[in-house]
Amino acid sequence: MLQKAKRLENIPPYLFMELRNKINRAKAQGVDVISLAIGDPVEPTPKPIVDELCRTTYQPENHRYPIDEEKGMSALRREVCRWYVERYGVEVDAEEECIILIGSKEGCHHFALAMVNPGDLVLVTDPGYPGYKPSIWFAGAEPYPVPMTAANGFLPDLKSIPAEVRRRASAFYLNYPNNPTGAVATPEFLRELVQFARENSIAICYDNPYIEIVFDGEKPLSILSVEGAKEVAVELNSFSKPFNMTGWRLGMALGNRTAIAAMAQVKSNTDSGVFNAVQYAGIAALQECASSIEEMLRVYKRRRALVVNTLNRLGWNYVPLNGTFFLWVPTPDGKSSLEFAAQLFEKAHVVVPPGSAYGRYGEGYIRFSLTVSDDRLEEAMERLEHALG
Ligand SMILES: Cc1ncc(COP(=O)(O)O)c(C=O)c1O
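Structure (structure tokens):
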């Protein structure tokens with residue numbers, strides 16, 4: 011008798027839910043599947059963070075709604091702002107320019123409800139993070155894909171965006187260090203992007219959960235370090251990846267005060283914020299766990315080398331880009347990304363997402379995630395060599 015709302019008709023099942031179901035079905039049949047599909051670190055959250063969660067969970071005052079401060083706990087916001095000054099050289103006002111999120115995915119969603127009108131166009135990179143388009147659809151707007159190609163270092167060519175599209179576009183979603191390609195933005199590109207947004211009155215949703223995951227001398231780069239960025243941009247950031255806290259659901263948005271206030275308005279009418287004890291744990295992360303990021307980078311560097319060496323032994327000639335824990339790898343022999351991902355699953359029981367799932371310009375690639383244990387990654391690489399060698 012019941013029918014779901016029409017707004018859900020165009021929204022496909024979330025990519026990783028589909029992959030997870032496929033993996034679970036295979037496991038149920040006794041197949042030893044290795045998933046290199048999802049960016050979900052296996053390492054535990056650092057101990058000081060867990061300890062702080064436990065300590066503050068025993069304080070009954072933290073069991074109540076965390077709604078005293080609409081934008082999230084002010085002590086955490088101040089700590090986030092200190093982190094931004096110290097690590098990225100960016101000054102942000104904790105009261106007006108910062109809000110605590112239930113992860114950056116939530117921020118992507120509420121940014122659209124806060125800043126985009128029905129019928130607007132919203133620019134998204136293609137390939138792009140699969141979370142953006144549904145958020146745009148939920149806001150009644152239409153995503154407009156801007157191609158990212160290897161020829162452009164996987165940075166969108168802003169000059170190629172037609173005048174009519176610039177006129178109708180109200181927002182632009184993008185992220186660097188980039189999921190899925192691993193590309194890192196240059197300061198020049200960010201300056202060009204801010205200029206483009208100012209000229210065309212476009213709000214930038216700069217989704218930056220991988221800001222800390224950069225290699226080979228690359229430095230973490232916030233869009234807010236660009237002059238004038240706060241006029242047009244909000245940066246989303248997250249505790250998920252730098253502190254192995256994907257399950258905790260904690261993030262932050264910083265930047266343009268109109269957008270931050272609008273997001274606070276949406277959020278206070280939608281969710282009631284993050285459990286206080288999780289917010290206290292976030293303070294512990296920022297105060298005590300910067301050194302665990304260095305250890306994390308050593309782990310991913312080691313795993314990157316393992317995958318790159320395996321691919322190159324198999325004749326790939328692959329050079330990784332400098333950001334994220336993903337490797338965006340061209341498929342061999344002109345195979346379609348779906349076909350090649352299926353081949354890896356059948357022959358090696360290794361799951362990778364096909365690039366086409368990230369957009370039309372993702373065709374011809376697959377993505378490896380380095381967030382499995384070293385043992386499992388070694389086993390996956392052995393299976394790959396066996397299946398393809
Ligand atoms: C580009 C991008 N944005 C947002 C997210 C979601 O992060 P969070 O756990 O902070 O919601 C992810 C997670 O994989 C991501 O890759």
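Count the sequence shown with my numbering and you get residues 11 to 399, in order.
Ideal Cβ placement from N, Cα and C applies to all residues, glycine included.
Short check: CB of residue i to CB of residue j, under 8 Å?
{"i": "F336", "j": "V362", "result": "no"}
{"i": "A367", "j": "L46", "result": "no"}
{"i": "W338", "j": "T191", "result": "yes"}
{"i": "A149", "j": "L123", "result": "yes"}
{"i": "Y133", "j": "A173", "result": "Reading off the sequence, residue 133 comes out as Leu, not Tyr. Not closer than 8 Å, so no."}
{"i": "L380", "j": "R323", "result": "no"}
{"i": "V236", "j": "I214", "result": "no"}
{"i": "D136", "j": "Y290", "result": "no"}
{"i": "L246", "j": "N210", "result": "no"}
{"i": "P140", "j": "L25", "result": "yes"}
{"i": "V284", "j": "P76", "result": "yes"}
{"i": "I21", "j": "R386", "result": "no"}
{"i": "I212", "j": "A181", "result": "yes"}
{"i": "R97", "j": "P230", "result": "yes"}
CB of residue i to nearest heavy atom of ligand 1: below 7 Å?
{"i": "S114", "result": "yes"}
{"i": "C215", "result": "no"}
{"i": "Y139", "result": "yes"}
{"i": "N189", "result": "yes"}
{"i": "S45", "result": "no"}
{"i": "P342", "result": "no"}
{"i": "N185", "result": "yes"}
{"i": "P153", "result": "no"}
{"i": "S250", "result": "yes"}
{"i": "G49", "result": "yes"}
{"i": "T407", "result": "Any answer about residue 407 is impossible in this case: the structure gives the chain only from 11 up to 399."}
{"i": "C118", "result": "yes"}
{"i": "G261", "result": "yes"}
{"i": "P363", "result": "no"}
{"i": "P219", "result": "yes"}
Nearest to residue i by CA position, among the options, is which residue?
{"i": "V7", "options": "T66, D42, A36 and Y24", "result": "Outside the displayed span of the chain (11 to 399) sits residue 7, for which this structure offers no information."}
{"i": "R176", "options": "P219, P340 and L131", "result": "L131"}
{"i": "N188", "options": "S232, K357 and V41", "result": "S232"}
{"i": "L29", "options": "E222, H359 and S383", "result": "H359"}
{"i": "P155", "options": "L394, Y142, G163 and L316", "result": "Y142"}
{"i": "L161", "options": "A173, E53 and A193", "result": "A quick correction: the sequence has Ala, not Leu, at residue 161. Measuring from the Cα of A161, the nearest candidate turns out to be A193."}
{"i": "F409", "options": "E228, A195, A239 and Y220", "result": "The question about residue 409 has no answer, for the chain in this structure spans 11 to 399."}
{"i": "N254", "options": "S302, L234 and K311", "result": "S302"}
{"i": "A85", "options": "F199, V41, N286 and E388", "result": "N286"}
{"i": "V224", "options": "P70, K81, T334 and A15", "result": "T334"}
{"i": "Y216", "options": "V95, V204 and W147", "result": "V204"}
{"i": "G399", "options": "L354, G113, M27 and K115", "result": "L354"}
{"i": "K169", "options": "P340, E71 and E202", "result": "E202"}
Hey, would you say the C-beta of residue i is under 7 Å away from at least one heavy atom of ligand 2?
{"i": "C64", "result": "Ligands in the displayed structure: ligand 1; ligand 2 is not one of them."}
ask   = Is it a yes or a no for the segment 46-63 touching the segment 297-317, going by three-plus beta-carbon pairs under 8 Å?
value = yes
- Task: May I ask you to verify whether the segment 251-265 touches the segment 93-111, counting CB pairs closer than 8 Å and requiring at least 3?
- Result: yes
- Task: Count the C-beta pairs between the segment 273-289 and the segment 304-315 that are closer than 8 Å, then say yes if the count reaches three, no if not.
- Result: no
Q.
With a threshold of 8 Å, are at least 3 pairs of Cβ atoms found where one atom belongs to the segment 95-106 and the other to the segment 114-121?
A. no
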